Amino acid sequence: MELTKSRIVGLGVFVVALAVALFLVVDGPSDGRPDADGVVAVVVEGFVFSPAQLTLPAGQPVTLVIDNRNEFIHHLTVGRSAVEEDGRAVGFEEDLFAGVSVVADPPRAWLPPTPTVDTVTLNLPARSTVTYRFTLPEDRVGTWQIGCFVGRGCETRISPEAEVRVE
4 MELTKSRIVG
14 LGVFVVALAV
24 ALFLVVDGPS
34 DGRPDADGVV
44 AVVVEGFVFS
54 PAQLTLPAGQ
64 PVTLVIDNRN
74 EFIHHLTVGR
84 SAVEEDGRAV
94 GFEEDLFAGV
104 SVVADPPRAW
114 LPPTPTVDTV
124 TLNLPARSTV
134 TYRFTLPEDR
144 VGTWQIGCFV
154 GRGCETRISP
164 EAEVRVE
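Mapping of the sequence shown onto my numbering: residues 4 to 170, in sequence order.
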């Protein structure tokens, strides 16, 4: 079989497409649901979450792996009913993780409520992968938003479609 220029180009395109497909299967984000081991992977680039929608089971162990590919820290909260002060969102009335036992790696990636911040904060250091292990109680079933209320203008830059559904 003679290798013509068009066959070489076609073969090159096929190899690149295969490499991209393998990356998405092996190293890319999940479909937003835990796999057979209870693991769900999320990639954060800029202010975009991939996948943007997570579906987590209530009453079953979950391992959430978040890869922050940014040169900056993200401080995320997951809740419902945004609270506004002076026309600016400052937090949520309800916190998805309130009272939930979570094991974070690294441990500093899990910031419990404080006297000045009354929701749990998921602290994602720059260029890092953080793992959270938890089981959500049955009373958390429903849809929850992802927000950032630390830093200037953060809450307006989080992907509006980013959400967590608990079933």
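No residue lacks a Cβ here, since even glycine has one placed at the ideal position from N, Cα and C.
On a predicted model such as this, the values are computed, not experimentally measured, just so you know.
Span separating the alpha-carbon of residue i from that of residue j
i: Y135; j: L127; result: 11 Å
i: L57; j: V65; result: 12 Å
i: A55; j: P118; result: 31 Å
i: A165; j: L79; result: 11 Å
i: V45; j: E141; result: 23 Å
i: G94; j: W113; result: 17 Å
i: A85; j: R143; result: 17 Å
i: V167; j: Q148; result: 6 Å
i: V171; j: E88; result: Here the chain has residues from 4 to 170 only, and residue 171 is not among them.
i: A61; j: P115; result: 21 Å
i: F26; j: G90; result: Confidence at F26 is low in this model, with a pLDDT of 38, below 50, so its placement is unreliable and no value can be given for it.
i: R36; j: T132; result: 18 Å
i: A92; j: F152; result: 7 Å
i: P163; j: H77; result: 16 Å
i: L59; j: D108; result: 19 Å
i: A129; j: S104; result: 25 Å
i: Q63; j: D121; result: 26 Å
i: V81; j: D38; result: 21 Å
i: D34; j: T138; result: 19 Å
Boundaries of the beta strand (DSSP E) in which residue i is found, first to last residue
i: R91; result: R91 to D98
i: A85; result: H77 to E88
i: R1; result: The structure shown does not extend to residue 1, since the chain is modelled only from 4 through 170, so no value can be given for it.
i: A44; result: V42 to E48
i: Q63; result: Segment: none, Q63 is in no beta strand (DSSP E) and carries neither H nor E.
i: S53; result: V51 to S53
i: V103; result: Neither: V103 is in no beta strand (DSSP E) and is coded neither H nor E.
Cβ distance (whole Å) where residue i is taken to contact residue j below 8 Å
i: V169; j: G145; result: 6 Å
i: E96; j: R111; result: Not confirmed; about 26 Å, so no contact.
Near the ligand SAH: residue i beta-carbon under 6 Å from a heavy atom
i: C151; result: The ligand SAH is not part of this structure, which contains no ligands at all.
Cutoff 7 Å: residue i Cβ touching any chain C Cβ
i: S104; result: Absent here is chain C; the protein component of the structure consists of one chain.
_Segment contact, 8 Å Cβ cut-off, at least three pairs: the region 94-103 with the region 117-126_ = Flag = yes, the region 94-103 and the region 117-126 touch.
*Would you check if the region 44-52 and the region 68-87 touch, i.e. whether three or more CB-CB distances between them fall below 8 Å?*
yes
*Identify every run of the beta strand (DSSP E) within the region 120-159, keeping only runs that are complete inside it and at least 3 residues long; order them along the chain.*
Runs of the beta strand (DSSP E) inside the region 120-159: 124-127, 131-138 and 145-150.
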